[in-house]
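Notes follow the structure.
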Amino acid sequence: MTAARATAAALALGACAVLSACGGDGGGAGRPELSVSGAYIPQPPMADMAAGYLTVRNTGRAADTLTAVTSPLSRDVTLHTTTGTRMRQVGSLPVPADGELRLAGGGSHLMFAGLAHRPEVGEKIRLTLRFAVSAPLTVTVPVQPLTYRPGG
Ligand SMILES: [Cu+2]
Numbered sequence: 043m044t045a046a047r048a049t050a051a052a053l054a055l056g057a058c059a060v061l062s063a064c065g066g067d068g069g070g071a072g073r074p075e076l077s078v079s080g081a082y083i084p085q086p087p088m089a090d091m092a093a094g095y096l097t098v099r100n101t102g103r104a105a106d107t108l109t110a111v112t113s114p115l116s117r118d119v120t121l122h123t124t125t126g127t128r129m130r131q132v133g134s135l136p137v138p139a140d141g142e143l144r145l146a147g148g149g150s151h152l153m154f155a156g157l158a159h160r161p162e163v164g165e166k167i168r169l170t171l172r173f174a175v176s177a178p179l180t181v182t183v184p185v186q187p188l189t190y191r192p193g194g
């Protein structure tokens, strides 16, 4: 491949990442189709750290990967998994094709450190989720009482 053709290919890929219109033709390879639901942040008992939970649903035919989360609440947002009672920071979390990534109490979750302020019940926190394939998704997440359990 010549340098010019390589550049053209890179430009095409870049445009595809920016323009959601690329998904409109239902191409044969499939692509992830992501939506976020059930997001909440339990009001943290302490002022320096909070957790976040949500579900990323993928109705597309290709997998994606959650790679990072940013928020005005914290400049230090990390992805954690939980095994037994031990939690571990990971660099990314998979969003399977025609499946979901569920972040929930006792399982994988978001961790906010160095909080800009202590979140209060009723407040809304903006989160932007970044993915390996899909464009970023920004959601507004309510702060719930520490005892809140989704669906119950
Ligand atoms: Cu954690």
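Per this note's numbering, residue 43 is the first one in the sequence shown, and the count goes up by one each step. For every residue, glycine included, the Cβ atom is placed at its ideal position computed from N, Cα and C. All values reported here derive from a predicted model rather than from experimental measurement.
Any non-hydrogen atom of ligand 2 closer than 8 Å to methionine 129 Cβ: Judged by which ligands are present, ligand 2 is missing from the structure shown, whose ligands are ligand 1.
Residues that DSSP places opposite serine 79 in a beta bridge: The residue you call residue 79 lines up with position 37 of the sequence shown. Serine 79 pairs with Thr97.
Beta strand (DSSP E) segment containing glycine 169, residue limits: The count along the sequence shown starts at 1 and reaches residue 169 at position 127. The sequence shown places leucine at residue 169, rather than the glycine named in the question. Unbroken beta strand (DSSP E) run through leucine 169: 166-173.
Ligand 1 heavy atom lying under 8 Å from the CB of alanine 177: Here residue 177 is taken as the residue at index 135 of the sequence shown, counted from 1. Alanine 177: no, Cβ never under 8 Å from ligand 1.
Endpoints, beta strand (DSSP E) assigned at methionine 88: In the sequence shown, counting from the first residue as 1, residue 88 sits at position 46. Neither: methionine 88 is in no beta strand (DSSP E) and is coded neither H nor E.
Residue from Pro84, Asn100, Leu115 and Ala92 whose Cα sits closest to the Cα of alanine 158: Here residue 158 corresponds to residue number 116 of the sequence shown, with the count starting at 1. Minimum Cα distance to alanine 158 is reached at Leu115.
Residue environment, glycine 102, which counts as buried when at least 16 other CB atoms sit within 10 Å: Position 60 of the sequence shown, counted from the first residue, corresponds to residue 102. Result: buried.
Counterpart residues of proline 184 in DSSP-defined beta bridges: Position 142 of the sequence shown holds residue 184. Answer is Lys166, bridged to proline 184.
Segment contact, 8 Å Cβ cut-off, at least three pairs: the region 174-188 with the region 118-127: Segments in contact, no.
Cβ-heavy atom distance, threonine 124 to ligand 1, below 8 Å: Translated into positions along the sequence shown, residue 124 becomes position 82. Answer for threonine 124: yes, Cβ within range of ligand 1.
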